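In what follows, a structure is listed as C-alpha cells, so that the remarks can point back to it.
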Amino acid sequence: MSSIRLRLLKWLVAPILVFNLLAASLTYLLAWTPAQRAFDQGLLDAATGLATRLRSGGAAVHPPADLPAAARVLGAGSPDASWFVVRDAEGRTLAGDPAFPRRTGDEPVRDDRMHGQAVRVASLLVPGSGGPVEVGVARTLSQRQQVRSAIVRALVLLEVVFSLSLVGLVWFSVGNGLAPLGRLRARLDARGSHDLAPLVDDGMPRELLPVVNAFNALLERIAAGAKAQDDFRANVAHQLRTPLAGLRLQLEWLADRHRGDPETLRTVEQLLQANERMIRQANQLLSLERAGPDRFQRVQLAPLDLSGIVAESIQAFVERALRKDIDLGFELEPAPVAGEHHMLRDLVDNLVDNALRYTPAHGTVTVRCRATPAGALFEVEDSGPGIPPEKRAQVFQRFVRLDQHSQGSGLGLAIVREIAAAHRARVELGDGTNGRGLRVAVCFPEHEPPRRA
Numbered sequence: 262m263s264s265i266r267l268r269l270l271k272w273l274v275a276p277i278l279v280f281n282l283l284a285a286s287l288t289y290l291l292a293w294t295p296a297q298r299a300f301d302q303g304l305l306d307a308a309t310g311l312a313t314r315l316r317s318g319g320a321a322v323h324p325p326a327d328l329p330a331a332a333r334v335l336g337a338g339s340p341d342a343s344w345f346v347v348r349d350a351e352g353r354t355l356a357g358d359p360a361f362p363r364r365t366g367d368e369p370v371r372d373d374r375m376h377g378q379a380v381r382v383a384s385l386l387v388p389g390s391g392g393p394v395e396v397g398v399a400r401t402l403s404q405r406q407q408v409r410s411a412i413v414r415a416l417v418l419l420e421v422v423f424s425l426s427l428v429g430l431v432w433f434s435v436g437n438g439l440a441p442l443g444r445l446r447a448r449l450d451a452r453g454s455h456d457l458a459p460l461v462d463d464g465m466p467r468e469l470l471p472v473v474n475a476f477n478a479l480l481e482r483i484a485a486g487a488k489a490q491d492d493f494r495a496n497v498a499h500q501l502r503t504p505l506a507g508l509r510l511q512l513e514w515l516a517d518r519h520r521g522d523p524e525t526l527r528t529v530e531q532l533l534q535a536n537e538r539m540i541r542q543a544n545q546l547l548s549l550e551r552a553g554p555d556r557f558q559r560v561q562l563a564p565l566d567l568s569g570i571v572a573e574s575i576q577a578f579v580e581r582a583l584r585k586d587i588d589l590g591f592e593l594e595p596a597p598v599a600g601e602h603h604m605l606r607d608l609v610d611n612l613v614d615n616a617l618r619y620t621p622a623h624g625t626v627t628v629r630c631r632a633t634p635a636g637a638l639f640e641v642e643d644s645g646p647g648i649p650p651e652k653r654a655q656v657f658q659r660f661v662r663l664d665q666h667s668q669g670s671g672l673g674l675a676i677v678r679e680i681a682a683a684h685r686a687r688v689e690l691g692d693g694t695n696g697r698g699l700r701v702a703v704c705f706p707e708h709e710p711p712r713r714a
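Basically our numbering = 1-based index in the sequence shown + 261.
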C-alpha cells in the first residue's frame with residue numbers, strides 16, 4: 262500500500278542529500294586547495310631563503326658554513342621531516358642530502374619520494390658564474406594529511422548535522438502538511454456508524470475540499486437509503502401484521518361457526534396454525550432486524566427491571582400452556598439491567614415460546630429471573646427433548662433446525678444471541694433438572710450498560 266508521506270519524503274529528502282553531497286565536495290575543494298597552495302608557498306619560501314644565503318666566489322657558488330643550521334631552522338615547528346640540497350650545474354651536491362630527488366621538470370613544486378617516504382619538493386635554479394645552481398627543499402606530508410583529515414572531519418560532521426536537520430525539518434513539514442488528513446480521519450473515527458451528518462469544511466485545505474464534498478454527497482445517498490429501508494421496515498410491519506391479525510380473527514370466527522362440521526373445523530384449525538406460524542415468523546424477522554448491532558446502536562438504553570419485563574411477557578403464554586396442559590411456573594425476583602425494553606421483551610418471548618413449543622403435553626416450563634453478584638440472570642427451563650451437547654453451538658445460527666420435523670423457522674435462538682450480544686450478555690445452554698430437557702440462561706453484566714457509538 263502506497264503512502265503519501267513516504268512519497269513526499271522520498272522526493273524531498275533524496276534531492277537534499279544529493280545536493281548536500283555535492284556541496285560538501287565543493288566545500289572540500291574550496292578549503293583544501295588554498296591550504297595546499299599555502300604549504301607549497303611555504304616550501305618555495307624556504308627554498309628562496311636558502312638561495313639568498315649562497316655566495317659566489319670566483320667561478321663557483323660556495324654555500325656558507327652555517328647553511329645546514331639555517332635549513333633546520335626553516336623546518337622548525339613543523340611535525341614534518343625536512344631535507345635540503347644545493348647542486349651545481351653539473352649535478353654535484355654542494356650541500357645537503359645527496360639522496361635528494363633530482364629535478365626532472367620545470368615545475369617548481371612537485372610530489373616525489375625520499376628515504377622511502379612521500380615528500381613534497383620545491384626546487385629553484387639560482388644563477389651562478391659557473392651555471393645555474395639548484396636549491397631544493399623537501400618535506401614529508403604528515404602536516405598536510407593532518408590538515409586534510411581535520412577538514413574532512415569538520416565537513417563530515419557539518420554535513421551530518423546539516424542533513425539530519427534538513428531531514429527533520431522536511432519530516433516535520435510533511436507531517437504538518439498532512440495533519441488535516443489526520444484530523445479528518447479522527448473526526449470520521451469519532452462518529453457512530455449511523456451518524457450521517459455532513460462533514461463541516463471549516464479550516465479544510467483547498468486540496469481536501471473535493472474529498473469532503475464527495476464524502477458528503479456519499480453520506481446524503483446513504484442517509485436516503487437508510488431512510489428508505491426504515492420506511493420499508495415500517496411498511497412491512499404494518500402490511501404483514503395487520504392482515505395476518507385480521508385473517509386470524511376471521512379464521513377463529515369460522516371455527517366457531519363450523520364446530521359441528523369436523524372436516525371443516527379441521528381445515529380451519531390447520532389454517533389457524535399456518536396463520537400463527539406466519540405471524541410468529543414475521544415477528545421474528547422484524548425482531549432479528551431490530552436486534553442487529555447497527556440498529557441497536559441507535560436506541561436509547563435505560564435502567565430496567567428484568568422481572569417486570571418477564572411478568573409482562575409471560576401473560577401472553579398462559580393460555581398456550583393451558584391448551585397443551587403444560588405446567589408454566591414463575592420464580593421472579595427484582596433483577597436490574599441496562600437495556601432496551603422492546604428488545605428484552607423479544608428475548609423473553611422467544612425463549613418462552615421455544616420452551617412451550619418443544620415441551621410435550623403434561624410437561625413443565627419454569628421461568629426464573631433474579632439478581633446475582635455477577636449481574637442479572639434470566640433462565641427458562643423445560644422438560645422437552647433438549648439439545649445434544651454437540652449440537653448446541655449450531656442452534657444459534659440462523660435458520661438452523663435440529664431435524665426436518667422440528668417446528669419453527671430456526672430464528673428464535675439466533676434472535677436471543679443477537680439481543681444478548683447487544684446487551685453484552687452471554688447465553689448458556691445446559692441440561693434441565695435431573696438431566697431432562699433444556700435450560701437456557703442469559704447472564705447480564707452487573708450495572709454496566711452496553712457500548713454505544
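Note that CB positions come from ideal geometry on N, CA and C, so glycine has one too.
Given the structure is predicted, the values throughout are model-derived calculations rather than measurements.
Counterpart residues of residue i in DSSP-defined beta bridges
i, result
"Gln378", "Met375"
"Val346", "Gly357 and Gly397"
"Gly691", "Arg700"
"Asp522", "Its beta-bridge partners do not exist; DSSP assigns none."
"Thr627", "Gly590 and Glu642"
"Asp566", "Pro597"
"Gly636", "Thr633"
"Leu385", "Val396"
"Val370", "Ala383"
Same chain, Cβ closer than 7 angstroms to residue i, five either side skipped, listed in chain order
i, result
"Leu690", "Ile648, Arg653, Leu699 and Val701"
"Val408", "Ala296"
"Arg230", "This structure cannot speak to residue 230, because the chain is shown only from 262 to 714."
"Arg353", "none"
"Leu480", "Leu457 and Pro459"
Buried or exposed (CB count within 10 angstroms, at least 16 for buried), residue i
i, result
"Leu470", "exposed"
"Thr365", "exposed"
"Trp344", "buried"
"Val421", "exposed"
"Val346", "buried"
"Arg518", "exposed"
"Gly397", "buried"
"Val279", "exposed"
"Ala475", "exposed"
"Val380", "buried"
"His603", "exposed"
"Glu679", "buried"
"Val579", "exposed"
"Ser263", "exposed"
"Glu642", "buried"
"Gln665", "With a pLDDT of 48 at Gln665, under the threshold of 50, the modelled position of this residue cannot be trusted, and the question is left open."
"Asn695", "exposed"
Same chain, Cβ closer than 6 angstroms to residue i, five either side skipped, listed in chain order
i, result
"His623", "Asp586"
"Arg581", "Leu617"
"Ala632", "Ala596"
"Asn615", "Gly673"
"Ser403", "Pro340 and Asp341"
"Gly645", "Tyr619, Thr620 and Gly698"
Option nearest residue i by Cα separation, candidates the options
i, options, result
"Arg405", "Leu283, Ala681 and Asp372", "Asp372"
"Arg348", "Asp358, Glu651, Gly377 and Leu439", "Asp358"
"His376", "Pro362, Val370, Gly389 and Asp367", "Pro362"
"Asn611", "Glu513, Phe639 and Phe280", "Phe639"
"Asn437", "Val613, Leu270 and Asp643", "Leu270"
"Gly601", "Val609, Val394 and Arg618", "Note on identity: in this sequence residue 601 is Glu, with Gly being the wrong assignment. Minimum Cα distance to Glu601 is reached at Val609."
"Ser434", "Arg266, Glu481, Pro523 and Asp522", "Arg266"
"Trp272", "Trp432, Asp341 and Pro650", "Trp432"
"Pro459", "Met604, Ala478, Asn536 and Ser286", "Ala478"
"Pro634", "Glu707, Arg374 and Met465", "Glu707"
"Ala356", "Asp367, Leu315, Glu368 and Pro369", "Leu315"
"Ile277", "Val370, Ala312, Phe423 and Gly696", "Phe423"
"Leu567", "Arg584, Phe591, Asn536 and Arg606", "Arg606"
"Val571", "Gly693, Asp588, Val613 and Pro523", "Val613"
"Phe282", "Glu651, Glu592, Gly303 and Leu418", "Looking at the sequence shown, residue 282 is not Phe but Leu. Answer by Cα proximity: Leu418."
"Thr627", "Gly507, Gly693, Thr401 and Thr294", "Gly693"
"Asp301", "Arg268, Gly636, Ala489 and Val370", "Val370"
"Gly569", "Ala292, Arg629, Gln378 and Glu513", "Arg629"
"Arg446", "Val677, Met465 and Val428", "Met465"
"Asp588", "Thr625, Glu573 and Ala577", "Thr625"
Same chain only: Cβ atoms within 8 angstroms of residue i, ignoring 5 sequence neighbours per side
i, result
"Tyr289", "Ile412, Val413 and Leu416"
"Ala516", "Leu526, Val529, Glu530 and Leu533"
"Ala350", "Gly389, Gly391, Gly392, Pro393 and Val394"
"Arg509", "Leu533, Asn536, Glu537 and Ile540"
Residue i at chain C interface by Cβ criterion, 8 angstroms
i, result
"Ala299", "You won't find chain C in this structure, because it holds only one protein chain."
Report yes or no: do the stretch 306-316 and the stretch 377-386 share at least 3 C-beta pairs separated by less than 8 angstroms? Yes, since at least three Cβ pairs between the stretch 306-316 and the stretch 377-386 fall closer than 8 angstroms, the two stretches touch.
Decide yes or no for the touch test of the stretch 463-483 against the stretch 437-451: beta carbon pairs closer than 8 angstroms, at least 3 of them. Output reads yes: the stretch 437-451 touches the stretch 463-483.
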